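K.L.:
Read in order, the letters of the sequence shown correspond to residues 94 to 348 in the working numbering.
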Amino acid sequence: MTTPPVLAAPESWQTLAFLSDVHLHPSDTATCQAWQAALQSGDWDALFILGDLFEVWVGDDVMDDPDQGAFWQTCARSLFAASNRAPVFFLPGNRDFLVGPRLLAAAGMTLLADPTVLQWGEQRWVLSHGDALCLSDAPYQAFRAEVRGANWQSQFLAQTLDVRLAMARRMRDASEQRKASALAWSDVDALAANQLLEDCHASMLMHGHTHMPATHALGEGRLRHVLTDWDATGNPPRGDVLRMRKGEPIIPPPA
Ligand SMILES: [Mn+2]
Numbered sequence: 094m095t096t097p098p099v100l101a102a103p104e105s106w107q108t109l110a111f112l113s114d115v116h117l118h119p120s121d122t123a124t125c126q127a128w129q130a131a132l133q134s135g136d137w138d139a140l141f142i143l144g145d146l147f148e149v150w151v152g153d154d155v156m157d158d159p160d161q162g163a164f165w166q167t168c169a170r171s172l173f174a175a176s177n178r179a180p181v182f183f184l185p186g187n188r189d190f191l192v193g194p195r196l197l198a199a200a201g202m203t204l205l206a207d208p209t210v211l212q213w214g215e216q217r218w219v220l221s222h223g224d225a226l227c228l229s230d231a232p233y234q235a236f237r238a239e240v241r242g243a244n245w246q247s248q249f250l251a252q253t254l255d256v257r258l259a260m261a262r263r264m265r266d267a268s269e270q271r272k273a274s275a276l277a278w279s280d281v282d283a284l285a286a287n288q289l290l291e292d293c294h295a296s297m298l299m300h301g302h303t304h305m306p307a308t309h310a311l312g313e314g315r316l317r318h319v320l321t322d323w324d325a326t327g328n329p330p331r332g333d334v335l336r337m338r339k340g341e342p343i344i345p346p347p348a
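1. Would you mind giving the Cβ-Cβ distance between L100 and L335, rounded to the nearest angstrom? I have them listed as a contact below 8 Å.
2. Taking the alpha-carbon positions, what's the R271 to M264 distance?
3. Return helix, strand or coil for F249, following the three-state DSSP convention.
4. Applying the 10 Å Cβ sphere with the 16-neighbour rule, what's the burial state of I142?
5. What is the DSSP secondary structure of W150, counted as helix, strand or coil?
6. In whole angstroms, give me the CA-to-CA distance for R338 and P346.
7. With distances taken between CB atoms, is the gap from L316 to G152 smaller than 8 Å?
8. Would you check whether ligand 1 has a heavy atom nearer than 7 Å to the C-beta of D145?
9. Going along the chain, which unbroken runs of the beta strand (DSSP E) with 3 or more residues stay wholly within the stretch 94-140?
10. Could you check which residue in V155, A206 and H304 has the C-alpha nearest to that of R331?
11. Roughly how far, in whole angstroms, is the beta-carbon of W218 from the beta-carbon of A295, given that I think they are within contact range, below 8 Å?
What follows is the structure, encoded as C-alpha cells:
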C-alpha cells in the first residue's frame with residue numbers, strides 16, 4: 094500500500110475533538126441545531142470531521158441553489174466560526190467526497206486524505222471515514238472505486254445542479270430502502286483494519302460510517318474506535334463530539 098500522509102500535531106494541542114456522520118440536510122433542522130450548538134462550545138485545539146458531515150454533497154455550487162443554498166451556507170458559516178477558534182480538518186465520507194475548494198474555503202476547513210495518520214505526542218492513530226474498509230460489501234467497493242475516479246467526478250459535475258440534485262435524491266431513497274430492508278449493514282473488516290494499523294505503525298483506528306459506535310480491541314493493544322452518527326430526532330437522540338486529552342487512552346470495554 095502507499096503510505097498514508099502523516100499529520101504531526103503541534104506541541105500546543107492538548108485537546109482534540111472528533112465527530113462524523115452528522116448527515117446535515119435541510120430536511121433535518123433539529124440535527125443541524127444540535128451540531129451547531131456542539132461547534133459553539135469549541136473547547137478544543139483542533140477539530141477533526143471524519144466524513145459524512147453532509148447527507149449529500151453534489152458540488153460546491155449547491156450553495157447557490159435557490160431552495161437549499163441558504164442552508165448549506167449557514168453550515169459553512171458555523172464551520173468558519175469554529176475554524177476561527179481552532180483548526181478544522183475535514184476527511185470526506187461516501188456522502189460528501191465531492192466537497193471542493195469553494196466550500197473548504199468558506200468553511201475554513203483543511204482537507205485530509207483518507208486515511209491520514211495523526212501523530213500526537215506519543216500517540217499515533219489512523220483517521221478514516223471507514224467505508225473503504227467495509228470489504229465484505231463487494232458491490233459497494235466497486236461503486237466506490239468508480240465514483241472516486243476523476244472521470245466519474247468530472248462527468249457528474251458537468252451536469253446541471255438540478256440534474257445532480259435529482260440523482261442524489263434517487264440514490265438517497267435507494268439507500269433508505271436498503272437500510273429499511275433486512276440487509277445487514279456492512280462493517281469494517283477487522284483483518285484489514287489491523288493490517289492498516291500495522292502498516293502505519295499506529296495503535297488506533299478512528300472512523301465513522303457504520304453508525305455502530307463502539308471501541309473494539311484488535312489484539313496486540315490495537316484498537317478500533319467508531320464514532321457515533323447524529324440524529325437529534327432519534328429515540329434516544331444521537332450525536333456527540335469525542336474529546337480526547339493528550340496522552341489519555343481510549344479504554345476498550347472488557348471483552
Ligand atoms: Mn458513510
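Just so it is clear, CB atoms sit at the ideal spot from N, CA and C, and this is done for glycine as well.
Bear in mind the structure is a predicted one, so any value in this text is a computation, not a measurement.
P.N.:
In short, the structure shows the following:
1. Your numbering for residue 100 matches position 7 in the sequence shown. Your numbering for residue 335 matches position 242 in the sequence shown. The pair is not a contact, with the Cβ atoms about 17 Å apart (cut-off 8 Å).
2. Start at 1 with the first residue of the sequence shown, and residue 271 comes out as number 178. Start at 1 with the first residue of the sequence shown, and residue 264 comes out as number 171. Each residue's alpha carbon lies about 11 Å from the other.
3. By one-based count along the sequence shown, residue 249 stands at place 156. Residue state, collapsed to three classes: helix.
4. For the purposes of this step, residue 142 is taken as residue 49 along the sequence shown, with counting starting at 1. It is buried - the Cβ of I142 has at least 16 other Cβ atoms within 10 Å.
5. On the sequence shown, position 57 is the one that residue 150 refers to. DSSP places W150 in coil when its eight states are reduced to three.
6. As a position in the sequence shown, residue 338 is number 245, starting the count at 1. As a position in the sequence shown, residue 346 is number 253, starting the count at 1. Cα to Cα, the separation comes out at about 19 Å.
7. Working through the sequence shown from its first residue, we reach residue 316 at position 223. Working through the sequence shown from its first residue, we reach residue 152 at position 59. Cβ atoms of L316 and G152: not closer than 8 Å.
8. Walking along the sequence shown from the start, residue 145 turns up at place 52. Indeed, a heavy atom of ligand 1 lies less than 7 Å from the Cβ.
9. 99-101 and 108-112
10. One-based indexing of the sequence shown puts residue 331 at position 238. Looking at the Cα atoms, H304 is the closest of the given residues.
11. As a position in the sequence shown, residue 218 is number 125, starting the count at 1. As a position in the sequence shown, residue 295 is number 202, starting the count at 1. Rounded, the Cβ-Cβ distance is 6 Å, consistent with contact.
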